[in-house]
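Asker:
In the numbering used here, the protein residues as written are 14 to 263.
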C-alpha cells in the first residue's frame, strides 16, 4: 500500500528514482522503478512494524543474531565496556535492537524530536519501549547519551543523514556530508563500535540480524569512513531495502 498510495502523493517514488539514478546512471529504467517501489514498500512495512510492537516482537521471537561482532559484544558486556552500535536506514534498523534486547542487551538510542508535540509523543511511544533509554538530539539529550555510555551502557546511532556542516565522505561512489560525531563519541568513551543491520528476508516478515566485526578506534573521520564502507556493502547487496527517499547526497 505504501508504494501505491502514500509514496506517489508524497513524492517518494520520484525522489527514490532520482537517488538511484544518481548512483547507477546506466541502470535499466525498469530496474530503477522496481528498486524505487521496493524501497517504498520496505519503508511502509517498517512504519507498520513500528506501530505494531507486540506483533513485531512476537515475529522476531525466534530470530537469532549472527556475525563476527557477537564474541566481542559478549566480552564487552562482561568487562563493563560501553558499546556503540552503528547502523543506517536499511531494512528495518530497529530489528537488531529488538533481538538483542531479548537476549539481555539493553540498548539506548537518540532521536530527532518532531515539531508537532502530538505526533512527537506518538512517535516516541513507538521507539522508547524497545530497549534502553531514548535521548533527544539536543545538548541535554546528547549529554545523557554520553553519560550512559561512560557508565558502561550500550547505545545505537544511525549515521547516514546529510548534515552540511560536516565533511563529505564517499558513499556509493559519491561524496556525502557525514557527521563525525559518532566517531568522536566512541573515542571519548572508549566504546566498542559494532555495525549491525536487520535485512528483510524474501517473505517480507522475517529478518537476518548481522552484528559485524568491530570498527577500529582511529580518528573521528576515519571511523566514519569505515562505518560508511560497511553500510555501502550492505546497500549494494540489498539495494531494494535502502531508504532512497531521503536526500543523502547534494
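Positions of the beta carbon are idealized from the N, C-alpha and C atoms, including for glycine.
Along the chain, which unbroken stretches of the alpha helix (DSSP H) at least 4 residues long are found entirely within the segment 157 to 221?
Answerer: Complete alpha helix (DSSP H) runs here, min 4: 194 to 202.
Asker: Can you grab the Cα-Cα spacing for the pair residue 48 / residue 248, in whole Å?
Answerer: In a straight line, the C-alpha of residue 48 is about 12 Å away from that of residue 248.
Asker: Along the chain, where does the alpha helix (DSSP H) that runs through residue 83 open and close?
Answerer: 83 to 92 is the extent of the alpha helix (DSSP H) around residue 83.
Asker: On a Cα-Cα basis, can you pick out the residue from 254, 204 and 226 that is closest to residue 80?
Answerer: When each option's Cα is compared against that of residue 80, the closest is 226.
Asker: Along the chain, where does the beta strand (DSSP E) that runs through residue 149 open and close?
Answerer: Where residue 149 is concerned, the enclosing beta strand (DSSP E) stretches over 147 to 149.
Asker: Using the C-alpha atoms, what's the distance from residue 148 back to residue 238?
Answerer: Taking the straight line from one Cα to the other gives about 25 Å.
Asker: Within the same chain, show all residues whose beta-carbon is closer than 6 Å to that of residue 104, passing over the 5 residues directly before and after it, in chain order.
Answerer: Contacts found: 211, 212, 213 and 254.
Asker: DSSP state of residue 65, grouped into three classes?
Answerer: Three-state result, residue 65: coil.
Asker: For residue 200 and residue 193, I'd like the C-alpha separation in whole angstroms.
Answerer: Approximately 11 Å between the Cα atoms of the pair.
Asker: Among 243, 251, 189 and 121, which one has its Cα closest to the Cα of residue 160?
Answerer: Ranking 243, 251, 189 and 121 by Cα distance to residue 160 puts 121 first.
Asker: Near residue 18, what residues of its chain come up, given a Cβ to Cβ distance below 7 Å and the 5 sequence neighbours on each side ignored?
Answerer: Per-residue confidence for residue 18 stands at a pLDDT of 46, beneath the threshold of 50, marking its modelled position as unreliable; no derived number is given.
Asker: In whole angstroms, what separates the C-alpha of residue 151 from that of residue 145?
Answerer: Whole-angstrom Cα-Cα distance: 18 Å.
Asker: According to DSSP, what are the bridge partners of residue 223?
Answerer: Looking at the DSSP assignment, residue 223 forms a beta bridge with 79 and 210.
Asker: Quick check: what's the CA-CA separation for residue 32 versus residue 59?
Answerer: Looking at the two C-alpha atoms, the distance is approximately 20 Å.
Asker: Note down, in chain order, each residue of its chain lying with its Cβ closer than 8 Å to the Cβ of residue 262, except the 5 sequence neighbours on either side.
Answerer: Once the five neighbours on either side are set aside, the close Cβ partners of residue 262 are 32, 35, 175, 184, 187, 188 and 189.
Asker: With 16 as the cutoff for other CB atoms within 10 Å, does residue 69 come out buried or exposed?
Answerer: Buried, because 16 or more other Cβ atoms sit within 10 Å of the Cβ of residue 69.
Asker: Of all the CB atoms in chain C, is at least one closer than 8 Å to the CB of residue 32?
Answerer: No chain C is part of this structure, which consists of one protein chain only.
Asker: Do residue 191 and residue 172 have their CB atoms nearer than 8 Å?
Answerer: Taking 8 Å as the Cβ cut-off, residue 191 and residue 172 qualify as a contacting pair.
Asker: Is residue 38 buried or exposed, if buried means 16 or more other CB atoms sit within 10 Å of its CB?
Answerer: Exposed: under 16 other Cβ atoms inside 10 Å.
Asker: Specify the secondary structure class of residue 121 as computed by DSSP and reduced to three states.
Answerer: Residue 121: strand per DSSP, three-state reduction.
Asker: Residues in its own chain within less than 6 Å of residue 55 by CB, not counting five upstream and five downstream?
Answerer: Excluding sequence neighbours, residue 55 sits near 254.
Asker: On the criterion of 16 or more Cβ atoms from any shown chain inside 10 Å, does residue 134 qualify as buried, or is it exposed?
Answerer: Exposed, by the Cβ-count rule.
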